[in-house]
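A.B. asks:
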Amino acid sequence: TPHTCDWRKKTDVISPIKNQKNCACCWAIAAAGNIEALWSIRSKPVEVSVQELLDCNRCGDGCQGGFIWDAFITVLNNSGLASERDYPFQGKVEPHRCLAKKYKKVAWIQDFIMLQEDEQRIAQYLATHGPITVTINKKLLQQYKKGVIKVTPDTCDPRFVDHSVLLVGFGRDKPGEGMPAETVASQSRPRRSLPYWILKNSWGSHWGEEGYFRLHRGSNTCGITKYPLTARVVPPKASLVSCPP
Amino acid sequence: GSLRAQDPGPRPLELKEVFAWFQMQFNRSYLIPAEHARRLDIFAHNLAQAQRLQEEDLGTAEFGVTPFSDLTEEEFAQLYGNRKTARGVPSMNRMAEYEGLGES
Chain A
1 TPHTCDWRKK
11 TDVISPIKNQ
21 KNCACCWAIA
31 AAGNIEALWS
41 IRSKPVEVSV
51 QELLDCNRCG
61 DGCQGGFIWD
71 AFITVLNNSG
81 LASERDYPFQ
91 GKVEPHRCLA
101 KKYKKVAWIQ
111 DFIMLQEDEQ
121 RIAQYLATHG
131 PITVTINKKL
141 LQQYKKGVIK
151 VTPDTCDPRF
161 VDHSVLLVGF
171 GRDKPGEGMP
181 AETVASQSRP
191 RRSLPYWILK
201 NSWGSHWGEE
211 GYFRLHRGSN
221 TCGITKYPLT
231 ARVVPPKASL
241 VSCPP
Chain B
246 GSLRAQDPGP
256 RPLELKEVFA
266 WFQMQFNRSY
276 LIPAEHARRL
286 DIFAHNLAQA
296 QRLQEEDLGT
306 AEFGVTPFSD
316 LTEEEFAQLY
326 GNRKTARGVP
336 SMNRMAEYEG
346 LGES
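Protein chains in written order, with the numbering used here: chain A, 1 to 245; chain B, 246 to 349.
#1: Are any of the Cβ atoms in chain A nearer than 7 Å to that of B:THR317?
#2: Any contact of the stretch 6-26 of chain A with the stretch 311-329 of chain B, i.e. 3+ C-beta pairs under 8 Å?
#3: Alpha carbon to alpha carbon, how far is B:THR305 from B:ALA295? Give it in angstroms, no decimals.
#4: Going straight from the alpha carbon of A:LYS102 to that of A:GLU36, what length do you get?
#5: Can you check whether the CB of B:PHE264 is closer than 7 Å to the CB of B:GLU312?
#6: Closer than 7 Å, CB to CB, is A:LEU194 near chain B or not?
#7: If we call anything under 7 Å between Cβ atoms a contact, is A:THR128 one with A:LEU229?
#8: Inspect the beta-carbon positions of A:ALA314 and A:TRP27 and report whether they are closer than 7 Å.
#9: If you run the structure through DSSP and keep just helix, strand and coil, what is B:GLU342?
#10: Select from A:VAL148, A:THR1, A:GLY33 and A:ILE29 the residue whose C-alpha is nearest the C-alpha of A:VAL168.
#11: Going by Cα to Cα distance, which pick from A:CYS59, A:GLY65, A:GLY66 and A:ILE73 is closest to A:HIS96?
#12: Helix, strand or coil: how does DSSP classify A:ARG246 here?
#13: Would you check if the distance between the CB atom of A:SER49 and the CB atom of A:GLU84 is smaller than 7 Å?
#14: Assign B:GLY347 to one of three DSSP states: helix, strand, or coil.
#15: So with CB distances below 7 Å, who are the chain B contacts of A:CYS243?
#16: Applying a beta-carbon distance threshold of less than 9 Å, which residues of chain A neighbour B:GLN294?
#17: Starting from the C-beta of A:GLU209, find all residues in its chain whose C-beta is less than 7 Å away, skip the five residues before and the five after it, and write them out in chain order.
#18: Here's the rule I'm using: 16 or more other beta-carbon atoms within 10 Å means buried, otherwise exposed. How should A:ILE132 be labelled?
#19: Ordered along the chain, which non-local residues of its own chain (more than five positions away) have a Cβ less than 7 Å from that of A:TRP197?
#20: CB-CB under 7 Å to A:ALA24, same chain, minus the five flanking residues each way: which ones, in chain order?
#21: By the three-class DSSP mapping on this structure, what secondary structure does B:GLN268 have?
#22: With burial defined as no fewer than 16 other Cβ atoms inside 10 Å of the residue's Cβ, what is the status of B:GLY246: buried or exposed?
#23: What number of angstroms, rounded off, separates the C-alpha of A:GLN110 from the C-alpha of A:TRP207?
#24: Flag this pair as yes or no: are the beta carbons of A:GLU47 and A:SER79 separated by less than 7 Å?
#25: Near A:MET114, which residues of its chain fall below 7 Å by C-beta distance, leaving aside the five closest residues on each side in sequence?
#26: Is the CB-CB distance between A:ILE136 and A:CYS222 below 7 Å?
#27: So that I know if they touch, is there some Cβ in chain A lying closer than 7 Å to that of B:LEU298?
#28: Measure the beta-carbon distance from A:ASN112 to A:ALA231 and round it to whole angstroms, keeping in mind my assumption that it falls under 8 Å.
#29: Smallest Cα separation from A:VAL151: which of B:GLU307, B:PHE308, B:LEU303 and B:LEU292?
#30: By a C-beta neighbour count over all protein chains shown, 10 Å radius and 16 as the cutoff for buried, is B:LYS261 buried or exposed?
#31: Just verifying my parser: in three-state terms, what is the DSSP assignment at B:VAL263?
#32: Identify the contact partners of A:ALA31 in chain B, using a Cβ-Cβ distance below 8 Å as the criterion.
#33: Quick check on DSSP: helix, strand or coil for A:LYS146?
#34: Tell me whether A:SER253 sits in a helix, a strand or coil according to DSSP, three-state version.
#35: Are the C-beta atoms of A:ASN22 and some chain B residue less than 7 Å apart?
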């Protein structure tokens, strides 16, 4: 596992930040982001239809929330996904509007898996395969502006997860980074570097760190290890890929 | 000596001024005065909450005014949360686990 990994640095792997607006479709946007990244790494860049995931969701109105595995099952049931261009995001769902058969499929998946609840294994998989989806407790994100969130389970319960996002990388904060110089100078003990995850949110680019946020890595912050899921788009014996450091 | 008062420096912004800036920044307008007052209350509550989170954070995060600062926790959860997971995620076993390349 490398020390750092950031899939945003590889051209066309991570699509632009989306805004789910008043539709509770974080689950569909995160799953679409996962499929797009894997297709770009393994084959060619694509932007898939989030609206198709919402309209064709087997559990009804996709704007009322959903699970990552439902998104992947929808992709499997429909033998792939149309492009965002053909089947654009509307931010709402109308009954019986699934247009899956109308448009050409631009991406499909072999299956999907859930990784172990182990941050080291998650980092290894992320670095060698590509971005994955996670579901976290979003409690702190309403007031979040920037930086690495590190809190105790009392502040952010890791058992209660309610928001799905795309995990795109990890790294370490250099000691003193983001602090005023006098604060750094006044610290008697040198601060240890802070390991973090980089996550892509779906609340527009004006939120957080240009649409992204960072969580402490190594303490299951806000339940990040509870449901690490990813699609698979290639046969298992394919060659390894590497994430830009 | 001079009787001139010492310059106190720039004064901190009043809550109402911060709220006005928030409305301008995030393009919010409340037509009914009662709604404006209610949103101001929520905004103040959220700023206090952000301050608490700032004190509890052990990392380098900054909490404060965001595009969601005029929403209650319930409204935020309703609009941006995953209503299905909020009702509880089904229990499951980890049947499929990554074992490295070449797994069945």
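A virtual CB, placed ideally from N, CA and C, is assigned to each residue, including glycine.
C.D. replies: In brief:
#1: Chain A has no Cβ within less than 7 Å of the Cβ of B:THR317.
#2: Three or more Cβ pairs drawn from the stretch 6-26 of chain A and the stretch 311-329 of chain B lie within less than 8 Å of each other, which places the two stretches in contact.
#3: Cα-Cα distance, rounded: 14 Å.
#4: Going by C-alpha positions, A:LYS102 is about 21 Å away from A:GLU36.
#5: Correcting the residue type first, residue 312 of chain B is Pro in the shown sequence and not Glu. In this structure, B:PRO312 lies away from B:PHE264, with their beta-carbon atoms at least 7 Å apart.
#6: Interface residue, yes.
#7: Taking 7 Å as the Cβ cut-off, A:THR128 and A:LEU229 do not qualify as a contacting pair.
#8: With chain A represented from 1 up to 245, any question about residue 314 of chain A goes unanswered, as that position is not in the structure.
#9: Caution applies to B:GLU342, whose pLDDT of 48 falls short of 50 and renders its modelled position unreliable; the model cannot decide the point.
#10: If you compare the alpha carbons of A:VAL148, A:THR1, A:GLY33 and A:ILE29 with that of A:VAL168, the shortest gap goes to A:GLY33.
#11: Proximity to A:HIS96 across A:CYS59, A:GLY65, A:GLY66 and A:ILE73 peaks at A:CYS59, based on C-alpha coordinates.
#12: The structure shown does not extend to residue 246 of chain A, since chain A spans only 1 to 245, so no value can be given for it.
#13: One thing to note: A:SER49 has its Cβ within 7 Å of the Cβ of A:GLU84.
#14: With a pLDDT of only 44 at B:GLY347, under the threshold of 50, the placement of this residue in the model should not be trusted; the figure read from the coordinates follows. Here DSSP, grouped into helix, strand and coil, assigns B:GLY347 to coil.
#15: Counting only Cβ-Cβ distances below 7 Å, A:CYS243 has no contacts in chain B at all, with the closest Cβ about 16 Å away.
#16: Chain A residues near B:GLN294: GLN142 and GLN143.
#17: So the list reads LYS146, once near-sequence residues are dropped.
#18: By the C-beta density criterion, A:ILE132 is buried, having at least 16 other C-beta atoms within 10 angstroms.
#19: Closer than 7 Å at Cβ, skipping near neighbours: LEU167, PHE170, ARG214, LEU215, ARG217 and ILE224.
#20: The answer, listed in chain order, is CYS63, GLN64 and GLY65.
#21: In this structure, B:GLN268 counts as helix in the three-state DSSP scheme.
#22: The predicted position of B:GLY246 is uncertain, since its pLDDT is 43 and thus under 50; no value can be drawn from it.
#23: For the pair A:GLN110 and A:TRP207, the Cα-to-Cα distance works out to about 34 Å.
#24: Not a contact, by the Cβ cut-off of 7 Å.
#25: Excluding sequence neighbours, A:MET114 sits near TYR227, PRO228 and LEU229.
#26: In this structure, the beta-carbon distance from A:ILE136 to A:CYS222 falls below 7 Å.
#27: Yes, contact with chain A.
#28: The identity of residue 112 of chain A in the sequence shown is Phe, whereas the question assumes Asn. A:PHE112 to A:ALA231, Cβ: 5 Å. Contact.
#29: Cα-wise, what sits closest to A:VAL151 is B:LEU303.
#30: By the neighbour-count rule (16 or more Cβ atoms within 10 Å), B:LYS261 is not buried but exposed.
#31: Under the three-state reduction of DSSP, B:VAL263 is assigned to helix.
#32: Chain B residues near A:ALA31: none, gap ~12 Å exceeds 8 Å.
#33: In the structure shown, A:LYS146 sits in a strand (DSSP, three-state: E or B).
#34: With chain A running from 1 to 245 in the structure shown, residue 253 of chain A is simply not present.
#35: Judged by the 7 Å Cβ criterion, A:ASN22 is in contact with chain B.
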